[in-house]
Amino acid sequence: MFLCGIVALVAALGCAAFGGDPRPDPDAVVVAGNARFTVLTPDVIRMEWGHVLRDEATLIFTHRRVNVPKYVVAHDAAGWLTITTERIMLRYDASNPNSFNDANIKVTVLDTGGPNVTWTPSQGDRDGRLPGTLRTLDMTNGSVNLDCDTGGPDYIADSHCTYGVMSRRGFIVIDDSLGYELSAAPWPWVVPKAAVGPPDRCDAIPHKGRRVCGSNLSSKEQCDAEAPLPHGFVCYYGPSSYQDLYFFGHGRRFKDALRDFALLSGQAPLPPRYAFGVFYSRWWAYSDDEVETLVQEFASRAVPLDIVVLDMDWHLTFYKNSSLDQADQPKGWTGYTWNTELFPSPTQFLRRLHDRGLRVTLNLHPASGVQPWESSYVAVARAVGIDPSSQRYVPFDLTNKTYASAWLSLSLAPLEAEGVDFWWLDWQQGEDWFVAHDQALASLSPTLWLNHVFFTNPLHWGTTPARPLILHRFGGLGSHRYPVGFSGDVEASWASLAFQPQFTAAAANVAFGYWSHDIGGFLHGADPELYTRWVQWGVFSPIFRSHSTKDARIDRRIWKFPSSHCAIMQRYMTLRLELVPYIYTAARHAFDTGLSLLHGLYLEWPELDAAYLQPHQYLFGPMYMVAPIVAPLNASTQLITCSVWIPPGIWFDETFGALLQGPSTYSAKFTLDDVPRFLKAGSIVPMAPSLEGSSLGQAQLLPSTLRLVIVPGTSTGGGTLYEDAGDSVAYDSAHEFATTQFTYESSPLGTVVVVEPVRGSFPSIPTSRKYEVILRHVPPASSVAVNGAPLHPVTNPAAEGWYYDASTLSLHVYLPTARAVSSTLSITVHFAKEMTRVDLNNAVGIFSRLHTVKRLLDEAHVFMEDYPTLLHAAATDHRISYNTSIFLDEIDALHDRLRQGISEVHALAIPTSLKSRLEALLEVPNASFAKTTSDRYDALQ
């Protein structure tokens, strides 16, 4: 009775977040004997061979009914079939009776940017293939091996190590021959498969005709003979074995490869807006009162917080009893029953957190199934046919739909009804454990299947308008459909921090764009500098989530660190919230294109070798390039020298305030407060204002005031803001969303910024909005007008007008009167002709460093009279802010005063170490500067 009821409920609710039509347009299909070719895009052809072919979705490929590209089919007298698209040509010998081998099939890529390249089945495709990602970084200290094949088949099977879907050679092949089919909706479920085709002998195939299968679990039911191949792999394909291969021949158009992969495998869903805020997690036996006290500490210190993560102590545990449970797991490691000593009223506790704008996720280790002490045991046992009086546990068997439905609806659904927003699936066993315990089908990725079941669970997501979200490990290709990732428990070390940016960027090569990492590291680590750098990297990573082990000496609350470090971390965490509109817009772009929020430079500049050689640099959305610092400061100077590759084009250095021309190499000294980051010239960055009111739950909210940051360097520029309800699936299912376009036109004497009327709609869309528009790297204005009406200088942001901030060389236009988003907003800024001739490059950085040097000298035993020029230079920006009419003279004199100030420092009778530090602070970066306003002024003469 239970199962019948669940089946009926699933049918009524449908399945969350799993769409697409796996059956292709018949016009895309070409059949030749036992071979079937499906032309999916100009760059992708599906190649099948078998006695029985497949039409249903698999866990990798879910959608094949796409627009049919133009292609030509030809046959010659020798029996060869040729399929030619705009970019690839496939030739197949239809007279050859065997499955695909070097003698009967070859595919040539016609668009590589160089000579054509040809693939045959024996080649493999590892050479030149870009890295992807793997299941977890658990217990690592530093890097892991992403060159999957060199790890051998057991490494791949357990780690789900996966290469990227692109290669510098111009092609890759995804082998889905062993992939399980999924039944159709309402809840796509894995279909156990029988052997396909008659068994045969692999040793009958010439070595050059064998295909590298890539796993020691491959096709044993079809062919038992072993054919050794490099790195311990074994070929099990016989001449009659089923093959299902997807040829991606994109040349070096890597972004097109990702677009096609997302088209065929499914888009990466847009996570809820709150997921881009701040997670706080710690393995600690918190009570409800202690959690609420913790939340209040975040609020009282104005530290952002959006998601509370409760590790395993929320449920019953038995630490003192070290015995194993019936599933041979540590007793209490798995649990679904609240520890009411810590949480006497979970519903009220969760409601109070929700009332403060927070979301809550709970940790799950599901490997032990349902043990007899669980509150849901009796109901689940009866549902699967176990007599509860036997006290026999219910084994974890997630491929069994009866068990899955009972477990999800009877063990977890009551917790969701109490207010649990999503689950942290802390699955650590890997594929080998699953198979050894007879709890999976061979060749089925248990991690990917667990993620699929949770993310598409209609027993939960089908009953709520909320957008699905889980926190989980990577399970192989297709995992991008189930955000977000949890990379596991790493050692806190500089080596671990240094690896995370490149690891995250590589995951974008398989469209897995939302890795979250344990900010600060899980094990050990109380170094304030290391944690500060980790927080800075976290701000410019897809998901910001701190975590640590159960150790009283380790605490990731930033106020537990020295005040100097805490202040830096608080500023950056606040910046994270300010960037949410930009990040969320980039996440929508990822949904539309397959290009992840954070991705490697080589995806944008694939023809440049230098783009592949920057492991610690990446693009963060379409406008930011970031190079987080992942090594300690010099102990003497408290600085670190970093070299950054500047890609082609013009880039604005936010640290020093300079327009840089790429491609070039940029080297500078950075302080603990600095994160080398660069904005693409011509960008308009949508941001939220600084915190107004509570620091809790702000990421989910649409900003009532929109801040637009105008990045100079080009005569025209623009940007986009994407918005929707933030936590519903209607952005996809009902196209409920809105976009706002921004543009600017700049000349040497002025800039016009235009905010276009909003396009689209959703139920909670703001009808009016306040604005703050910031023009970076500009002189003071001579006049500012909004929609033709003049504005006046102000010093109070609450008043309508404009203000010049000399410390950042930025013009702020404040519009605190809400304006209808359905109308065009135009802001015109004029500059006096004489103001535009000055070179502003590096001035902002000089101001900041002069302030630091002045502060350090205040603490030394010296007299101000010994460094008068430096002292005068250190107040330059303050004098300009008070009186903008002196701007030209002050900026013209800045570099001379800096040089004199350095000489004054050199002459001071101070310790050598301090003198070296001060002199290093005052070094100005050497760079290839782009044309500045002074160059454009000269052109007017």
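Taking mature numbering (1 follows the signal peptide of the UniProt record, and there is no 0), I'd label the letters of the sequence shown as residues -17 to -1, 1 to 924.
Where a beta carbon is used, it is the ideal one built from N, C-alpha and C, also for glycine.
Just so we're clear, the structure is a prediction, and the values are computed from it rather than from any experiment.
Is G(-4) helix, strand or coil when you go by DSSP? One-based indexing of the sequence shown puts residue -4 at position 14. Because G(-4) sits at a pLDDT of 48, beneath the cut-off of 50, its placement in the model cannot be relied upon, and the following sentence gives the value as read from the coordinates. Of the three classes helix, strand and coil, the one that applies to G(-4) here is coil, per DSSP.
I537 to V522, Cα distance in whole Å? One-based indexing of the sequence shown puts residue 537 at position 554. One-based indexing of the sequence shown puts residue 522 at position 539. Computed Cα separation, rounded: 21 Å.
Based on Cα-Cα distance, which residue from L427, L808 and W267 lies nearest to H143? Position 160 of the sequence shown, counted from the start, is the residue given in the question as residue 143. Residue L427 is the option with its Cα nearest to H143.
If you draw a straight line from the alpha carbon of T323 to that of L299, how long is it in whole angstroms? Mapped onto the sequence shown, residue 323 falls at position 340. Mapped onto the sequence shown, residue 299 falls at position 316. The straight-line gap from Cα to Cα measures roughly 9 Å.
Where W356 and G318 are concerned, what is the direct C-alpha to C-alpha distance, given to the nearest angstrom? Position 373 of the sequence shown, counting from 1, holds the residue named residue 356. Position 335 of the sequence shown, counting from 1, holds the residue named residue 318. If you take the alpha carbons of W356 and G318, they lie about 9 Å apart.
Just the C-alpha distance for residue 925 and C549, rounded to the nearest angstrom, thanks. Shown here, the chain extends from -17 to 924; a query on residue 925 therefore has no answer.
Run through DSSP, which three-state label would Y54 get? Here residue 54 refers to the residue found at position 71 when the sequence shown is read from its first residue. Correct three-state label for Y54: strand.
Straight-line CA distance for P313 to S305? Residue 313 sits at position 330 when you count from the first residue of the sequence shown. Residue 305 sits at position 322 when you count from the first residue of the sequence shown. So the alpha carbons of these two residues sit roughly 7 Å apart.
Quick check: is any heavy atom of the ligand COA less than 8 Å from the C-beta of V14? With respect to the ligand COA, the structure shown offers nothing to examine, as it has no ligands at all.
Where does the unbroken beta strand (DSSP E) through T688 begin, and where does it stop? As a working mapping, residue 688 is identified with position 705 in the sequence shown. From DSSP, the beta strand (DSSP E) with T688 extends over T688 to I693.
Measure how close the beta-carbons of L241 and T41 come, nearest whole angstrom, since I'm counting them as under 8 Å. Counted from its first residue, the sequence shown places residue 241 at position 258. Counted from its first residue, the sequence shown places residue 41 at position 58. That belief does not hold up - the Cβ atoms of L241 and T41 are roughly 19 Å apart, past 8 Å.
Report the residue from T859, L578, D404 and N84 whose alpha carbon sits nearest the alpha carbon of A489. The residue given as residue 489 occupies position 506 in the sequence shown. Residue L578 is the option with its Cα nearest to A489.
Using DSSP bridges, identify the partner residues of A651. As a first step, residue 651 is located in the sequence shown; it is residue number 668 there, counting from the start. C625, per the DSSP bridge assignment.
Distance check for V343 and E401, CA to CA, integer angstroms please. Position 418 of the sequence shown, counted from the start, is the residue given in the question as residue 401. Position 360 of the sequence shown, counted from the start, is the residue given in the question as residue 343. When rounded, the distance between both Cα atoms is 11 Å.
Entirely within the segment 634 to 679 and at least 3 residues each: give me those beta strand (DSSP E) ranges in chain order. 641 to 653, 660 to 663 and 667 to 670
Start and end residues, alpha helix (DSSP H) containing H572: One-based indexing of the sequence shown puts residue 572 at position 589. V563 to T576 is the span of the alpha helix (DSSP H), which, as asked, contains H572.
What's the call for R334, buried or exposed, on a 16-neighbour Cβ count within 10 Å? Here residue 334 corresponds to residue number 351 of the sequence shown, with the count starting at 1. The residue in question, R334, is exposed, as its Cβ has fewer than 16 Cβ neighbours within 10 Å.
Cα separation between F370 and V363? Indexing the sequence shown from 1 puts residue 370 at position 387. Indexing the sequence shown from 1 puts residue 363 at position 380. According to the sequence displayed, residue 370 carries Asp and not Phe. Rounded to whole angstroms, D370 to V363 spans 10 Å at the Cα level.
Going by DSSP, name the residue or residues bridged to R152. As a position in the sequence shown, residue 152 is number 169, starting the count at 1. Answer by DSSP bridge pairing: none, since R152 is not bridged.
Measuring CB atoms only, is the segment 99 to 118 touching the segment 151 to 171, in the sense that at least three cross pairs come out at less than 8 Å? yes
Pick helix, strand or coil for residue 926, following the three-state DSSP scheme. What the structure shows of the chain is the stretch from -17 to 924, and residue 926 is not part of that stretch, so it cannot be assessed.
Rounded to a whole number of angstroms, what is the C-alpha to C-alpha distance between L(-9) and N17? Along the sequence shown, read from residue 1 onward, the residue named residue -9 stands at position 9. Along the sequence shown, read from residue 1 onward, the residue named residue 17 stands at position 34. Interpretation of L(-9) is limited by its pLDDT of 46, a score under 50 that renders its predicted location unreliable; the figure taken from the coordinates is listed afterwards. Approximately 41 Å between the Cα atoms of the pair.
K816 versus R862 - alpha carbon distance: In the sequence shown, counting from the first residue as 1, residue 816 sits at position 833. In the sequence shown, counting from the first residue as 1, residue 862 sits at position 879. Their backbone Cα atoms lie some 21 Å apart in a straight line.
In chain order, what residues of the same chain lie with their CB nearer than 6 Å to the CB of V737, ignoring the 5 residues before and after it? Counting from 1 along the sequence shown, the entry for residue 737 is found at position 754. Hits under 6 Å: T726 and S809.
List the whole-angstrom C-beta distance separating T430 from F405, where the pair is believed to meet the contact cut-off of C-beta under 8 Å. Within the sequence shown, residue 430 is the residue found at index 447, counting from 1. Within the sequence shown, residue 405 is the residue found at index 422, counting from 1. No, T430 and F405 are not in contact; Cβ-Cβ is about 17 Å, not under 8 Å.
Rounded separation between N434 and L408 - CA only: To locate residue 434, count along the sequence shown from 1; it is residue 451. To locate residue 408, count along the sequence shown from 1; it is residue 425. Straight-line Cα distance between these residues: approximately 8 Å.
If you draw a straight line from the alpha carbon of D657 to that of P598, how long is it in whole angstroms? In the sequence shown, the residue the question calls residue 657 occupies position 674. In the sequence shown, the residue the question calls residue 598 occupies position 615. If I take the Cα positions, the gap works out to 19 Å.
Of the residues Q724, Q309 and A396, the one placed nearest Y705, counting alpha carbons only: Counting from 1 along the sequence shown, the entry for residue 705 is found at position 722. That would be Q724, whose Cα lies nearest to the Cα of Y705.
List the endpoints of the continuous beta strand (DSSP E) containing L758. Taking the sequence shown and counting its residues from 1, the one referred to as residue 758 is at position 775. L758 -> beta strand (DSSP E) spans S751 to R759.
For the putative contact between V88 and I28, defined by C-beta atoms under 8 Å, what is the C-beta separation to the nearest angstrom? By 1-based counting over the sequence shown, the position of residue 88 is 105. By 1-based counting over the sequence shown, the position of residue 28 is 45. The question names Val, yet the displayed sequence has Ile at residue 88. Going by Cβ atoms, the distance from I88 to I28 rounds to 11 Å, so no, they are not a contact pair.
Bounding residues of the alpha helix (DSSP H) (the contiguous stretch that carries Q331): Translated into positions along the sequence shown, residue 331 becomes position 348. Segment P329 to D338, the alpha helix (DSSP H) holding Q331.
Considering Cα atoms alone, identify which of N617, T576 and T624 is closest to P605. Taking the sequence shown and counting its residues from 1, one reaches residue 605 at position 622. When only C-alpha atoms are compared, the closest one is T576.
For the alpha helix (DSSP H) holding residue 931, just list the boundary residues, first then last. With the chain covering only -17 through 924, there is no way to say anything about residue 931.
Rounded separation between S831 and S790 - CA only: Taking the sequence shown and counting its residues from 1, one reaches residue 831 at position 848. Taking the sequence shown and counting its residues from 1, one reaches residue 790 at position 807. Cα to Cα, the separation comes out at about 8 Å.
Cα separation between S78 and G134? Mapped onto the sequence shown, residue 78 falls at position 95. Mapped onto the sequence shown, residue 134 falls at position 151. Taking the straight line from one Cα to the other gives about 38 Å.
Inter-residue CB distance, Q226 and F574 (contact presumed, cutoff 8 Å): Walking along the sequence shown from the start, residue 226 turns up at place 243. Walking along the sequence shown from the start, residue 574 turns up at place 591. Rounded, the Cβ-Cβ distance is 32 Å, inconsistent with contact.
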